[in-house]
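K.L.:
Below you'll find the structure I mean.
Number of protein chains: 6
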Amino acid sequence: MIPDFSEVYKKLTESDKDNSPLPPSRKEIISIIKEIQHLMFPEYFSSASGHSGIGAINELYLRIKHQIEAAFRFSSSEAGECEKMTAQIIESLPTIKEKLNKDIIALYEGDPAAKCPEEVILSYPGFYAISIYRIAHEFYTRKIPLLARLMTEYAHEKTGIDIHAGASIGEYFFIDHGTGIVIGETTTIGNRVKIYQGVTLGAKSFDLDAEGNPIKGVKRHPDIGNNVIIYANATILGGDTKIGDGAIIGANVWLTSSVPAGSTVYYNRK
Amino acid sequence: MIPDFSEVYKKLTESDKDNSPLPPSRKEIISIIKEIQHLMFPEYFSSASGHSGIGAINELYLRIKHQIEAAFRFSSSEAGECEKMTAQIIESLPTIKEKLNKDIIALYEGDPAAKCPEEVILSYPGFYAISIYRIAHEFYTRKIPLLARLMTEYAHEKTGIDIHAGASIGEYFFIDHGTGIVIGETTTIGNRVKIYQGVTLGAKSFDLDAEGNPIKGVKRHPDIGNNVIIYANATILGGDTKIGDGAIIGANVWLTSSVPAGSTVYYNRK
Amino acid sequence: MIPDFSEVYKKLTESDKDNSPLPPSRKEIISIIKEIQHLMFPEYFSSASGHSGIGAINELYLRIKHQIEAAFRFSSSEAGECEKMTAQIIESLPTIKEKLNKDIIALYEGDPAAKCPEEVILSYPGFYAISIYRIAHEFYTRKIPLLARLMTEYAHEKTGIDIHAGASIGEYFFIDHGTGIVIGETTTIGNRVKIYQGVTLGAKSFDLDAEGNPIKGVKRHPDIGNNVIIYANATILGGDTKIGDGAIIGANVWLTSSVPAGSTVYYNRK
Amino acid sequence: MIPDFSEVYKKLTESDKDNSPLPPSRKEIISIIKEIQHLMFPEYFSSASGHSGIGAINELYLRIKHQIEAAFRFSSSEAGECEKMTAQIIESLPTIKEKLNKDIIALYEGDPAAKCPEEVILSYPGFYAISIYRIAHEFYTRKIPLLARLMTEYAHEKTGIDIHAGASIGEYFFIDHGTGIVIGETTTIGNRVKIYQGVTLGAKSFDLDAEGNPIKGVKRHPDIGNNVIIYANATILGGDTKIGDGAIIGANVWLTSSVPAGSTVYYNRK
Amino acid sequence: MIPDFSEVYKKLTESDKDNSPLPPSRKEIISIIKEIQHLMFPEYFSSASGHSGIGAINELYLRIKHQIEAAFRFSSSEAGECEKMTAQIIESLPTIKEKLNKDIIALYEGDPAAKCPEEVILSYPGFYAISIYRIAHEFYTRKIPLLARLMTEYAHEKTGIDIHAGASIGEYFFIDHGTGIVIGETTTIGNRVKIYQGVTLGAKSFDLDAEGNPIKGVKRHPDIGNNVIIYANATILGGDTKIGDGAIIGANVWLTSSVPAGSTVYYNRK
Amino acid sequence: MIPDFSEVYKKLTESDKDNSPLPPSRKEIISIIKEIQHLMFPEYFSSASGHSGIGAINELYLRIKHQIEAAFRFSSSEAGECEKMTAQIIESLPTIKEKLNKDIIALYEGDPAAKCPEEVILSYPGFYAISIYRIAHEFYTRKIPLLARLMTEYAHEKTGIDIHAGASIGEYFFIDHGTGIVIGETTTIGNRVKIYQGVTLGAKSFDLDAEGNPIKGVKRHPDIGNNVIIYANATILGGDTKIGDGAIIGANVWLTSSVPAGSTVYYNRK
């Protein structure tokens, strides 16, 4: 009644690297993210593990360490002292929480539709994406890019906001709506910057190696100063492009060169 | 073996508002949305609670009431007669279902790729977002914006379509693809309007208060007439901007002023 | 204490088509997708069913067959030999896996931020969307468009990438970031093509029938040659539009007519 | 870091019957049981599938049919017309519901601790076990003993009450506490019988075949008349043992021979 | 293909009391039990809700209140001040925790196989059953017997130990193995009592009312003094039966009359 | 509206050992058990992790190691080389599988109600309990009694069969029905032994220490020879009690002294 699928099975499994350990687990990384969100904002994010107290932090330590160990089997990064790195990441949580509290203020004050700060924590995709970025950044700076990427891709999936964990972002960061935002790996962003949906902070073009593939590890994305506002769907490209403090970049603007502090760049259409 | 994290724990928990009740639950709001979808389209959306019959509606009543009570602790809205509001919302469900049946017709007839109306209910992100918007709007008009926002953000997350619950949208509404659509809080949209992916119905600029923050509660988004078509990635901004009946706005068009009925606005590129 | 909702219940249920069988299940289709991903990449995607060995394939066969039977009750397609179709789909899996292995190479080599091929499988939304598209395409070509659509909409929801299952896409396909990409039903794409976020391969306009609704089943979307690169937010429209081999289409470009092989099309702004 | 377990893997998998279809699924059988309980008592048992209306029954039909097909690959029973059997089982549900309503009356009236009939449905292990037995019996009588056994073992696990699906049990059946009750395959029980915890209705001894194994398919368990009461931990053994109508068997009594109608058998201790 | 089940559907649903609210939820009661276990022993029982802090207690308050309200629609008890009762139950939790800490000591010291007190909390069915009994007893004494019964039946299902919530049990209670233990509604048990598997503290016989049904609400079960030990499978019956302080009742003993303090009752067999 | 529970919270949490690591997780141990069952009988037990191949074994290794590390913080056993122990346990799995295959034969041949060997694996509580015992025994013999106990208590909960992991049990072990069986820590059982429901292999009495508590670590339970049959509810007690090869112990028999090989012990009642 059921056809014989032994050939299919054979073909599907013949190339499996049977003897290798499992890579980091996407599910587990997402679960770790949620646990950290709970530890930082217990009233707004519930815990999936259901642990509480210091025991919860201890358990989190072991889970992160396990994923770091798994990641080091796959990453080209120098394998390191996993225990030390994991402890450092745990110890960075209170500082991340402080930074996120500042982001909440920026989001609440910057959006006329926000009725109360609680609404920001509960429902703003911008906050969700920033909170995951700030956690992922701690992994990236410790040379665990695979885990960092898994984290920011989860944020990307949930919010449509694609912030590379390698980007460097200042305090009081504001994102509204957010869908379609792309912030590249080597971007730097100052304090009190506001970014709207569809903004790309990207690469102009890629230098290719001898085989025609892009060269990895080069500064490719722009630097954004303090107090800059970038309206919806603006595109700013290039590793040499610098947007000066206080500049305002209008919606749909296309920028591939630097702009001095205090500039206002609008694209005239209609 | 596990480092001592008591300092981390102390820092993370010291500012917790231990004595306050929990805010509305995002998980529960999503679950309520799904229950309503099941009640309206039982063949297409299964029930997570597994209840059926009038008991299911009674249970839904209690769950919504519980979330409204939780919301009133956080919202600046006048706390009200929760029971009455909840009953009104339940009683609005048959009307919402009627409206959604009209949206289904619009989506099926408007998309040449749709093979049957069932496909629309089962798989169209446009329908999914509209159905949640229509439910959320009932909460918004009863001054429960926090719950309304939680609902539309869930739709945003699932579909990339960001319709503010405060917007007013007519019958036979059509959205195709949808990713990146933003419809602001004070937008009004007539009947039989079609909108494609990436369209923004947004604010031109925000009036700032003395401290430099946007003033809340002002009309900031456009009015769209009946039978209007707005193609992909068009941007229409401003509280005074009115798009007349039957107008067609081309893809990528950028509009910050009104357009009379019957106009066709195309942006000439290449 | 609880109001009497018997009127609400009556209204909500009066139009239910009580006697009809259930349509295909969105949940089950998603679960089938995940099972196939597990069968093809067992180290990276875990199985929700927890089955293994040929028994897992047999079980998958029965589940797909069940959904195809359900779909044929709703699709306008000619009802067919479900068993045969299902077996063909199962037998296509090794070939799909081969194609996906080529896509992985394209994604790894094409993205300077990719640290290792494993990162692509684990975390790239482009890979996720392509892998679901390639599975869904097998259903589409066997005239089961409803299931195919459910699959690609799931990918759309997770990644913001909206590839219609009817599109025809060559080998070594590369998508970066991805949010907002739309690839229409009658698009054809050659080998080694690269596409960035926000690109639309869409329809120019729809021929309307006597009642003013779009005519279904017409060639409406462009043909893309081999080795083409299309940068972010470019829009290419029309069933007659052909992009020649090796062409490069710049970001934000708007194209509604054909372009010869080897062309470079940039849109000059600022 | 992780030892090489390839030998373990090889040994564990070498004998797997890779090519055979999966047996019936214990999880699925339990889920089917729960769906039937929901269909019969929707206010007390929620549905895991979340389906409602006739669609729910149709779906149940397909799920049961699938399990019956799976069972026939393993059972020594004559493979049969699965569709017909499944339909008969579905059609027996209203009758089972009627019988269970009588059992509820018996349980409520018979237990002085019962405060209301609803308590019986919600919380009595005796009712839970009987309701599953009555469903399983329909499978047993259609010669699908494997599924029947999976069902009654689930009841056994939840309640400690082990009723073989082959037993024949009359109306208004009463079980109190229940833990440890064993009712064998060839037992018959009349109407309005009451049984307390720890009662065994078992086999006296097994006739052995030439190889010293028990001969299967022989009448081995007692016949219990109408209106019989059997108190806690009584043991009644043997295929020839008949307990006459209205008999009362005291706690801890050990019986291997018949007892006439109206008898009272007490075991004198202390 | 699927038979027409409209008759089955009609029969199954015709008697449904469509207009009545749902009864208390078994699932929710079990979930409440687990939440309380987490609040009392956070290191050993994880939280399913994932809440923490006072917010978790507040949420628990609302969930219990909701179930009490549901229960009062079904119970013959006088409907009462639900809020007050719920608050009292919450306030009793620290006292229950203290009592359970004493039970843990009794279980650890009394079982030669126990290696550490933690083992008792994590794995002893006796502890599990006692902890649920002590919670359920708070509901019983406030005349919410339906919820109390749902709780103790859950313990019964998990452990095979059937303690009626109405029983009154002193401190330092010890249960070993436990399967098959039955402790009736009107039993009283002193301090430091030890009970082994299969022990029944039950009713001798039931006084019947005019219709032949047992009269409810009568003292039917024995009183057990302090420091009593009752070995496996002993049966003690009757509302007048009193076991004096320090008595030892041997395994399998059958007792229907009182025994003075300090007695040792063994049943001589073989 | 919600009472102030800050006092309750304070009391509940004041004694928490905030700084200690979490104990082994009951949930995780159960999940590990199920994973092992899947590895040994993949067609009958599905995997909750959804892993397959050697990666699944590697992952299992890490999970077991993590629990052993957690256990050593609580056990009085000498902390040991966790890695080595874990590897030994993994390596013992093929041998356990062989033993279980023999148990399956014993169960199928010994029960006249068994229709096929598959029924035994899928549905027999006796097999379920034995399979967990054989796994747990590997932990016990490596001096990890806490994990072993968590495993056998899970079997106890599911089946009502309470086999201490310390017991030593030969091949071709047969258990029927099973509810209420208790097999103590220092019991030894030979090959081809059959045991029915309610049988206790227990301790006669406990030697007490100076404080009146039982002395731990003493031989307290009987030795059962090869080919012994022990019928329902028989009780065999004492560390010196030896049941000789081939003996048959009748139902309800009470034994506290040794019995020579080949004996038949029946208890004469009625």
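Protein chains in written order, with my numbering: chain A, 4 to 273; chain B, 4 to 273; chain C, 4 to 273; chain D, 4 to 273; chain E, 4 to 273; chain F, 4 to 273.
Quick reminder that beta carbons are idealized off the backbone N, C-alpha and C, glycines included.
Among F:Ile192, F:Phe177, F:His159 and F:Lys197, which one has its Cα closest to the Cα of Gly183 (chain E)?
P.N.:
Per the Cα distances, F:His159.
K.L.:
So Leu15 (chain F) and Leu42 (chain E) are supposed to be a Cβ contact under 8 Å. How far apart are they, rounded?
P.N.:
Confirmed, Cβ separation roughly 6 Å.
K.L.:
Give the interface partners of His41 (chain C) over in chain F, defined as CB-CB distance under 7 Å, in chain order.
P.N.:
Near His41 (chain C) (Cβ distances below 7 Å), the residues of chain F are Gly53.
K.L.:
What distance in whole Å lies between the Cβ atoms of Tyr175 (chain E) and Ile108 (chain E), which are believed to be in contact at a cut-off of 8 Å?
P.N.:
That pair is a contact at about 7 Å.
K.L.:
Buried or exposed: which applies to Ser52 (chain A), given that a residue is buried once 16 or more other Cβ atoms fall within 10 Å of its Cβ?
P.N.:
Label assigned to Ser52 (chain A): buried.
K.L.:
Return the Cβ separation of Arg223 (chain A) and Gly187 (chain A) in integer angstroms, given the expectation that the two are a contact with Cβ distance under 8 Å.
P.N.:
At roughly 6 Å, the Cβ-Cβ gap stays under 8 Å, so Arg223 (chain A) and Gly187 (chain A) are in contact.
K.L.:
List in chain order: all unbroken alpha helix (DSSP H) runs of 4+ residues lying wholly within the segment 100-164 of chain A.
P.N.:
The qualifying runs are 120-126, 128-144 and 148-162.
K.L.:
Quick check: the Cα distance between Cys85 (chain D) and Gly173 (chain F), rounded to an integer number of angstroms?
P.N.:
Their backbone Cα atoms lie some 42 Å apart in a straight line.
K.L.:
If distances are taken between C-alpha atoms only, which option among C:Val196, C:Val268, C:Ser50 and C:Leu25 comes closest to Ile33 (chain C)?
P.N.:
If we check each option's Cα against that of Ile33 (chain C), C:Ser50 comes out closest.
K.L.:
Looking at chain F, is there any beta carbon in it that lies within less than 7 Å of the beta carbon of Glu62 (chain A)?
P.N.:
It does: the Cβ of Glu62 (chain A) has a partner Cβ on chain F nearer than 7 Å.
K.L.:
Is it a yes or a no for the segment 125-141 of chain B touching the segment 149-163 of chain C, going by three-plus beta-carbon pairs under 8 Å?
P.N.:
The segment 125-141 of chain B vs the segment 149-163 of chain C: in contact.
K.L.:
Could you list which residues in chain F have their beta carbon closer than 7 Å to that of Asp165 (chain D), in chain order?
P.N.:
Per Cβ cutoff of 7 Å: His180 and Thr182.
K.L.:
DSSP state of Ser9 (chain E), grouped into three classes?
P.N.:
Residue state, collapsed to three classes: helix.
K.L.:
Against chain F, with Cβ distances strictly below 7 Å, would Ser34 (chain C) count as a contact?
P.N.:
Answer no: the Cβ-Cβ gap between Ser34 (chain C) and chain F never drops below 7 Å.
K.L.:
By a C-beta neighbour count over all protein chains shown, 10 Å radius and 16 as the cutoff for buried, is Ala90 (chain D) buried or exposed?
P.N.:
Under this definition Ala90 (chain D) is a buried residue.
K.L.:
Taking the alpha-carbon of Thr203 (chain B) as reference, which of A:Val231, A:Ala168, A:Asn236 and A:Ser266 has the nearest alpha-carbon?
P.N.:
Out of A:Val231, A:Ala168, A:Asn236 and A:Ser266, A:Asn236 has the C-alpha closest to the C-alpha of Thr203 (chain B).
K.L.:
Give the single residue among F:Lys118, F:Arg145, F:Lys68 and F:Ile133 whose Cα lies nearest to the Cα of Gly163 (chain F).
P.N.:
The residue with the shortest Cα to Cα distance from Gly163 (chain F) is F:Ile133.
K.L.:
Could you tell me whether any Cβ in chain C is nearer than 7 Å to the Cβ of Pro27 (chain D)?
P.N.:
By this cut-off, Pro27 (chain D) is not an interface position.
K.L.:
Please report the residue range of the alpha helix (DSSP H) in which Leu42 (chain D) lies.
P.N.:
Where Leu42 (chain D) is concerned, the enclosing alpha helix (DSSP H) stretches over Arg29 to Met43.
K.L.:
Beta-carbon of Leu125 (chain E) versus every beta-carbon of chain F: anything under 7 Å?
P.N.:
By this cut-off, Leu125 (chain E) is an interface position.
K.L.:
For Ala90 (chain F), go through chain D and note every residue whose CB falls closer than 7 Å to its CB, in chain order.
P.N.:
Within 7 Å Cβ-Cβ: Pro6.
K.L.:
Please name the residues in the segment 200-224 of chain A whose beta-carbon is closer than 9 Å to at least one beta-carbon of chain B, in chain order.
P.N.:
Cβ contacts with chain B: Gln200 and Gly201.
K.L.:
Here's the rule: buried if 16 or more other CB atoms are within 10 angstroms of the residue's CB, otherwise exposed. What is Pro263 (chain B)?
P.N.:
Under this definition Pro263 (chain B) is an exposed residue.
K.L.:
Alpha carbon to alpha carbon, how far is Ile93 (chain E) from Ser79 (chain A)? Give it in angstroms, no decimals.
P.N.:
Confidence in Ser79 (chain A) is poor, its pLDDT being 49 and thus under 50, which makes the residue's placement unreliable; the coordinate value appears in the next sentence. For Ser79 (chain A) and Ile93 (chain E), the distance between alpha carbons rounds to 54 Å.
K.L.:
Are the CB atoms of Tyr234 (chain E) and Ala213 (chain E) within a distance shorter than 7 Å?
P.N.:
Cβ atoms of Ala213 (chain E) and Tyr234 (chain E): not closer than 7 Å.
K.L.:
Could one say the Cβ of Pro97 (chain E) lies closer than 7 Å to chain B's Cβ atoms, at least one of them?
P.N.:
Answer no: the Cβ-Cβ gap between Pro97 (chain E) and chain B never drops below 7 Å.
K.L.:
Suppose you measure from the CA of Gly265 (chain E) to the CA of Asp243 (chain E); what does that come to, to the nearest Å?
P.N.:
So the alpha carbons of these two residues sit roughly 18 Å apart.
K.L.:
Compare the Cα-Cα distances from Ile60 (chain D) to each of E:Val196, E:Glu10 and E:Tyr269 and report the closest residue.
P.N.:
Comparing Cα-Cα distances from Ile60 (chain D) to each of E:Val196, E:Glu10 and E:Tyr269, the minimum goes to E:Glu10.
K.L.:
Between which two residues does the alpha helix (DSSP H) harbouring Thr89 (chain F) extend?
P.N.:
Looking at the DSSP string, the run of the alpha helix (DSSP H) that includes Thr89 (chain F) is Cys85 to Glu94.
K.L.:
Against chain D, which members of the segment 131-144 of chain E pass a CB distance test of less than 7 Å?
P.N.:
Listed by position, the residues of the segment 131-144 of chain E near chain D (Cβ gap below 7 Å) amount to none.
K.L.:
Listed in chain order, which residues of the segment 147-162 of chain A have Cβ atoms closer than 8 Å to some Cβ of chain B?
P.N.:
Flagged, chain order: Lys161 and Thr162.
K.L.:
At which residues does the beta strand (DSSP E) containing Ile239 (chain C) begin and terminate?
P.N.:
That run of the beta strand (DSSP E) goes Thr238 to Leu240.
K.L.:
Sort D:Ile198, D:Ile239, D:Thr259 and D:Ser171 by Cα distance to Val231 (chain D) and report the nearest one.
P.N.:
The residue with the shortest Cα to Cα distance from Val231 (chain D) is D:Ile198.
K.L.:
Measure the C-alpha to C-alpha separation of Ala82 (chain E) and Pro26 (chain E) and round it to an integer number of angstroms.
P.N.:
Caution is warranted here: a pLDDT of 49 is assigned to Ala82 (chain E), below 50, making its placement in the model unreliable, and the coordinate value is therefore given only provisionally. Each residue's Cα considered, the two are about 15 Å apart.
K.L.:
For the beta strand (DSSP E) that Gly205 (chain C) lies in, which residues bound it at each end?
P.N.:
Counting along the chain, the beta strand (DSSP E) containing Gly205 (chain C) begins and ends at Thr203 to Gly205.
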